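Peer 1: Take this structure first; my questions come after.
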Ligand SMILES: [Zn+2]
């Protein structure tokens with residue numbers, strides 16, 4: 006199932022796709038900071054939101 010990882014502060018989409026990625030990988034890719042709100046991203050789920058989504062959801 007596709008996966009979506011967003012900044013829990015500003016909801017910036019850090020990652021979305023079919024491949025399950027660990028939050029660590031995603032956070033590392035962004036140098037530990039949200040590119041939008043500059044919030045420090047931690048490795049815990051308090052800092053990022055990970056949830057499955059369906060392709061057909063309208064947004
Ligand atoms: Zn953010």
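Residue numbers (the numbering used here): 6 to 64.
Positions of the beta carbon are idealized from the N, C-alpha and C atoms, including for glycine.
Being a predicted model, the structure only gives us computed values, none of them experimental.
(1) Just the residues with CB closer than 6 Å to a heavy atom of ligand 1, in chain order, which are they?
(2) Could you spell out the range, first to last residue, of the alpha helix (DSSP H) harbouring residue 33?
(3) Would you list the one or two residues that DSSP bridges to residue 57?
(4) What three-state label does DSSP hand residue 47 in the structure shown?
(5) How big is the Cα-Cα spacing for residue 45 and residue 39?
Peer 2: The relevant details are as follows:
(1) Qualifying residues come out as 12, 14, 15, 17, 39, 41, 42, 44.
(2) Start and end: 28 to 34.
(3) Beta-bridge pairing by DSSP links residue 57 to 8.
(4) In this structure, residue 47 counts as coil in the three-state DSSP scheme.
(5) Those two C-alpha atoms are separated by around 6 Å.
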